[in-house]
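Asker: Each residue of the sequence shown is one higher than the one before, counting from 3 in this note's numbering. Where a beta carbon is used, it is the ideal one built from N, C-alpha and C, also for glycine. Computed from a predicted structure; not experimentally measured.
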Amino acid sequence: MASFSELAAVLDIVDPSLLLFRLRLERCRGCPGRQLEALWRAYLASFVLNLPSTNALVRRLEDDSALRVLCGFSEKLPHRTTFNRFIQRLSHFPVLVEIALANLTEEIRELLPDFGRVLAVDSTTVRTHGNPNRKVLSDPEASWTAKNSPRSKGKDGKEWHYGYKVHAVCDADYGLPVGLITTTAKRNDSPWLPRVIEHSKAFLPWLKPGAVIADRGYDAESNSCYLYENGVAAIIHIRETRKSKGKGEVHSLDGRPICMGGQPMEFIETNIYKGHRYTCPAGGCDLRDSMSTGIRHCDFETWEHPSSNLRFFSWIPRHTKTWKDLYAKRQSIERMFKGMKQSRRLEGHCVRGLRQIRLHALMSTISFQATALVKIGTGQEADMRWMVRRVV
Ligand SMILES: [Zn+2]
Numbered sequence: 003m004a005s006f007s008e009l010a011a012v013l014d015i016v017d018p019s020l021l022l023f024r025l026r027l028e029r030c031r032g033c034p035g036r037q038l039e040a041l042w043r044a045y046l047a048s049f050v051l052n053l054p055s056t057n058a059l060v061r062r063l064e065d066d067s068a069l070r071v072l073c074g075f076s077e078k079l080p081h082r083t084t085f086n087r088f089i090q091r092l093s094h095f096p097v098l099v100e101i102a103l104a105n106l107t108e109e110i111r112e113l114l115p116d117f118g119r120v121l122a123v124d125s126t127t128v129r130t131h132g133n134p135n136r137k138v139l140s141d142p143e144a145s146w147t148a149k150n151s152p153r154s155k156g157k158d159g160k161e162w163h164y165g166y167k168v169h170a171v172c173d174a175d176y177g178l179p180v181g182l183i184t185t186t187a188k189r190n191d192s193p194w195l196p197r198v199i200e201h202s203k204a205f206l207p208w209l210k211p212g213a214v215i216a217d218r219g220y221d222a223e224s225n226s227c228y229l230y231e232n233g234v235a236a237i238i239h240i241r242e243t244r245k246s247k248g249k250g251e252v253h254s255l256d257g258r259p260i261c262m263g264g265q266p267m268e269f270i271e272t273n274i275y276k277g278h279r280y281t282c283p284a285g286g287c288d289l290r291d292s293m294s295t296g297i298r299h300c301d302f303e304t305w306e307h308p309s310s311n312l313r314f315f316s317w318i319p320r321h322t323k324t325w326k327d328l329y330a331k332r333q334s335i336e337r338m339f340k341g342m343k344q345s346r347r348l349e350g351h352c353v354r355g356l357r358q359i360r361l362h363a364l365m366s367t368i369s370f371q372a373t374a375l376v377k378i379g380t381g382q383e384a385d386m387r388w389m390v391r392r393v394v
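(1) Could you tell me the alpha carbon to alpha carbon distance between P193 and N57, rounded to whole angstroms?
(2) Does the beta carbon of Q333 fall short of 6 angstroms from some heavy atom of ligand 1?
(3) Report yes if the CB atom of R313 is closer than 7 angstroms to the CB atom of E223, and no otherwise.
(4) Is T126 closer than 7 angstroms to A187 when the C-beta atoms are compared?
(5) Using 7 angstroms as the threshold, is the C-beta distance between L375 and L106 below it?
(6) So, do the stretch 354-362 and the stretch 198-208 have three or more beta carbon pairs nearer to each other than 8 angstroms?
(7) For a quick check, are the C-beta atoms of Y280 and P259 less than 7 angstroms apart?
(8) Here's a check: name, in chain order, each residue in its chain whose Cβ is nearer than 7 angstroms to the Cβ of C300, leaving out the five neighbours to either side.
(9) With a threshold of 6 angstroms on Cβ separation, who are the neighbours of I238 within its own chain once the five nearest residues in sequence on each side are excluded?
(10) May I ask which residues mark the beginning and end of the alpha helix (DSSP H) holding H362?
(11) When we look at the beta-carbon of T184 and count the other beta-carbons within 10 Å, is it buried (16 or more) or exposed?
(12) Only counting the same chain, and skipping five residues up and downstream in sequence, which positions put a Cβ closer than 7 angstroms to that of E383?
(13) Do I15 and A372 have their beta-carbon atoms positioned less than 7 angstroms apart in this structure?
(14) Nearer than 6 angstroms: is that true of the beta carbon of Q358 relative to any heavy atom of ligand 1?
(15) Write down the C-beta distance between Y164 and P134 rounded to the nearest angstrom, noting that I regard them as a contact closer than 8 angstroms.
(16) Taking 7 angstroms as the threshold (C-beta atoms), are E306 and F2 in contact?
(17) Got a sec? Which residues, its chain only, sit under 6 angstroms from P207 by beta carbon, not counting five neighbours each side?
(18) Assuming L284 is part of the alpha helix (DSSP H), what are its boundary residues?
(19) Examine ligand 1 and report whether any of its heavy atoms sits within less than 6 angstroms of the Cβ of C396.
(20) Flag Q344 as yes when its Cβ comes closer than 6 angstroms to any non-hydrogen atom of ligand 1, and as no otherwise.
(21) Under 8 angstroms: do the stretch 115-131 and the stretch 76-86 share three or more Cβ pairs, one atom per stretch?
(22) Is the closest heavy atom of ligand 1 to the C-beta of Q265 under 6 angstroms?
(23) Give me the Cβ distance between R347 and N52, rounded to the nearest whole Å; I'm assuming they're in contact under 8 angstroms.
(24) Comparing alpha-carbon positions, which option in S19, A144, K210 and L69 lies nearest F95?
(25) Ligand 2 and A363: does any heavy atom of the ligand fall closer than 6 angstroms to the residue's C-beta?
(26) In chain order, which continuous runs of the beta strand (DSSP E) of length 3 or greater are located wholly inside the stretch 184-234?
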C-alpha cells in the first residue's frame with residue numbers, strides 16, 4: 003500500500019492538463035468545471051490505493067479528510083453519480099489518457115537512458131462486470147478465452163476467462179510498461195505483437211528496441227518477418243508442432259540445423275554476410291544409402307543466414323546463452339501484470355464495455371508508471387533495476 007506522501011507525489015507527477023482542457027470544452031450538467039481536476043486526482047488515487055470500485059472511492063473520500071484535501075475538493079464532495087459521469091466522459095478520450103502515460107514514460111527514459119532497449123510482449127485477461135450467463139448479454143463486446151493452465155481444476159486443463167484482453171509491451175530490464183492495446187478476450191495474441199509495438203512507437207517516437215521477447219503464443223512467420231525487417235532480434239519461443247516432433251524436420255527446436263545423419267549441428271561462428279556456421283557433431287556421419295548400398299557422408303558444415311528461415315534463425319542464435327538470458331527476462335511482463343492486478347486495481351472495477359475497460363487498463367498502467375517514476379526520481383542510489391522491480 004502506498005504511503006500518503008507517495009500518493010501525493012504520484013498525483014502531482016501525472017500531467018492531465020490536455021485531458022482537462024478537452025473536458026472543459028464540453029461542460030455538462032452536474033459536473034462543474036472547477037471540480038474536474040479534483041475528480042481526476044481522486045480517480046487516479048483510487049488506482050494507487052487499489053480500491054475495488056468507484057463506490058469504495060466515494061466512501062473513502064467521505065471518511066478521509068486528508069485525502070479529500072489532497073485531491074482538491076474544497077466544497078461539498080460531489081455525488082457518486084458525478085464520479086461515474088466523469089469516468090464515462092473520460093473514456094471518450096483514450097488518446098489523451100495515453101499521452102499522459104507517454105509523458106511519464108518519456109520522463110522515465112530521461113532517468114534510465116537504456117529504457118526501451120529490450121522489450122517483452124504478452125497479454126493478460128481483464129474481467130468484465132457484465133454477466134455472460136444472461137439471456138440478453140449485459141456486455142456484448144466481452145468474450146471468452148481459454149488459457150492452458152496446470153492449476154486448472156477443469157477436465158480440459160484450461161482456465162477460462164470472460165471479458166477483455168490487454169496486449170502490452172514492457173521494458174524487459176525494468177519491468178515497466180511501454181504501451182498497451184485493449185481488445186475483447188477471444189482475440190488471438192500473435193497478430194497483436196507488431197500492432198502493440200507500432201502503437202507504442204506512435205506515442206514514443208524514440209522507441210527503437212534491439213530485441214523483443216515473447217512466448218510461443220507469438221511464434222509466427224509474420225512476427226519474425228516484422229521484427230527482422232525492423233532490425234530487431236526476435237526472442238520468441240518456437241511452438242512445437244506435430245511436424246517438428248516427427249522426423250523430416252530440418253531444424254531442432256532450439257534452432258539448429260539438423261544434418262543428414264539426424265544430428266542437431268554444432269554452432270561454430272557468425273559472419274555478417276554469410277550468417278551462422280554449423281558443423282556436423284560427428285564430423286560427417288556415415289550413412290548407408292539403401293539404393294546403391296554405398297556409403298555417403300553428410301555435409302560436414304553448413305551456413306545458415308537469418309533471413310533464410312526467419313522463424314528459426316535470428317542474429318542471436320536460439321541455442322546460445324545470450325538468447326536464453328534474454329528469454330528469461332520475459333518474466334518481467336508477467337510480473338508487471340501481476341503487480342497491476344494485485345496493487346493497481348486492474349481487476350478492481352464495476353465497468354463493462356470495451357471503451358470503459360480500455361480507460362480502466364490505461365489508468366492502472368498510469369498509476370503503475372507514475373509510482374515507478376516517483377521511486378526512481380527520489381534517487382536512492384540503490385541498484386535501480388532491483389528497486390524498480392520492487393516498485394509495486
Ligand atoms: Zn552428420
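Answerer: This is what the structure holds:
(1) Position 191 of the sequence shown, counted from the start, is the residue given in the question as residue 193. Position 55 of the sequence shown, counted from the start, is the residue given in the question as residue 57. Going by the C-alpha atoms only, they are around 37 angstroms apart.
(2) Looking up residue 333 in the sequence shown gives position 331. No, the Cβ of Q333 stays beyond 6 angstroms of every heavy atom of ligand 1.
(3) Here residue 313 corresponds to residue number 311 of the sequence shown, with the count starting at 1. Here residue 223 corresponds to residue number 221 of the sequence shown, with the count starting at 1. Yes, these two residues count as a Cβ contact at 7 angstroms.
(4) In the sequence shown, residue 187 corresponds to position 185, counting from 1. In the sequence shown, residue 126 corresponds to position 124, counting from 1. At the C-beta level, A187 and T126 stay beyond 7 angstroms of one another.
(5) Taking the first residue of the sequence shown as 1, we reach residue 375 at position 373. Taking the first residue of the sequence shown as 1, we reach residue 106 at position 104. Taking 7 angstroms as the Cβ cut-off, L375 and L106 qualify as a contacting pair.
(6) Short answer: they don't touch.
(7) Here residue 280 refers to the residue found at position 278 when the sequence shown is read from its first residue. Here residue 259 refers to the residue found at position 257 when the sequence shown is read from its first residue. Result yes, Cβ atoms of Y280 and P259 sit closer than 7 angstroms.
(8) Residue mapping note: residue 300 aligns to position 298 of the sequence shown, counting from 1. Only C261, M262, G263, C282, G286, C287 and L289 meet the Cβ criterion.
(9) Walking along the sequence shown from the start, residue 238 turns up at place 236. Correct list, in chain order: A216, Y220 and D221.
(10) In the sequence shown, residue 362 corresponds to position 360, counting from 1. Per DSSP, H362 belongs to the alpha helix (DSSP H) from L356 to G379.
(11) Position 182 of the sequence shown, counted from the start, is the residue given in the question as residue 184. By the beta-carbon neighbour count (other beta carbons within 10 angstroms, threshold 16), T184 is buried.
(12) Within the sequence shown, numbered from 1, the residue matching residue 383 stands at position 381. Caution applies to E383, whose pLDDT of 36 falls short of 50 and renders its modelled position unreliable; the value that the coordinates give is listed next. Counting only Cβ-Cβ distances below 7 angstroms, and skipping sequence neighbours, we find nothing.
(13) By one-based count along the sequence shown, residue 372 stands at place 370. By one-based count along the sequence shown, residue 15 stands at place 13. Going by beta carbons, A372 and I15 fall inside the 7 angstroms limit.
(14) The count along the sequence shown starts at 1 and reaches residue 358 at position 356. Q358 has its CB no nearer than 6 angstroms to any heavy atom of ligand 1.
(15) Taking the first residue of the sequence shown as position 1, residue 164 is located at position 162. Taking the first residue of the sequence shown as position 1, residue 134 is located at position 132. A Cβ-Cβ separation of about 5 angstroms places Y164 in contact with P134 under the 8 angstroms criterion.
(16) The question about residue 2 has no answer, for the chain in this structure spans 3 to 394.
(17) Indexing the sequence shown from 1 puts residue 207 at position 205. Beyond the five residues adjoining it in sequence on each side, P207 comes within less than 6 angstroms, by CB distance, of no other residue in the same chain.
(18) The residue given as residue 284 occupies position 282 in the sequence shown. Reading off the sequence, residue 284 comes out as Ala, not Leu. Neither: A284 is in no alpha helix (DSSP H) and is coded neither H nor E.
(19) No answer is possible for residue 396: the residues shown for the chain start at 3 and end at 394.
(20) Reading the sequence shown from its first residue, position 342 is the one you call residue 344. Result no, Cβ not under 6 angstroms from ligand 1.
(21) Touching, no, given that fewer than three Cβ pairs across the two stretches are closer than 8 angstroms.
(22) The sequence position of residue 265 within the sequence shown is 263, counting from 1. Yes, since a heavy atom of ligand 1 falls inside the 6 angstroms radius drawn around the Cβ of Q265.
(23) For the purposes of this step, residue 347 is taken as residue 345 along the sequence shown, with counting starting at 1. For the purposes of this step, residue 52 is taken as residue 50 along the sequence shown, with counting starting at 1. Between N52 and R347 the Cβ distance is about 5 angstroms, and since that is below 8 angstroms, they are a contact.
(24) Position 93 of the sequence shown, counted from the first residue, corresponds to residue 95. Closest in alpha carbon position to F95, among S19, A144, K210 and L69, is S19.
(25) In the structure on display, ligand 2 does not appear, and the ligands it does have are ligand 1.
(26) Segments of the beta strand (DSSP E) lying fully in the stretch 184-234: 213-216.
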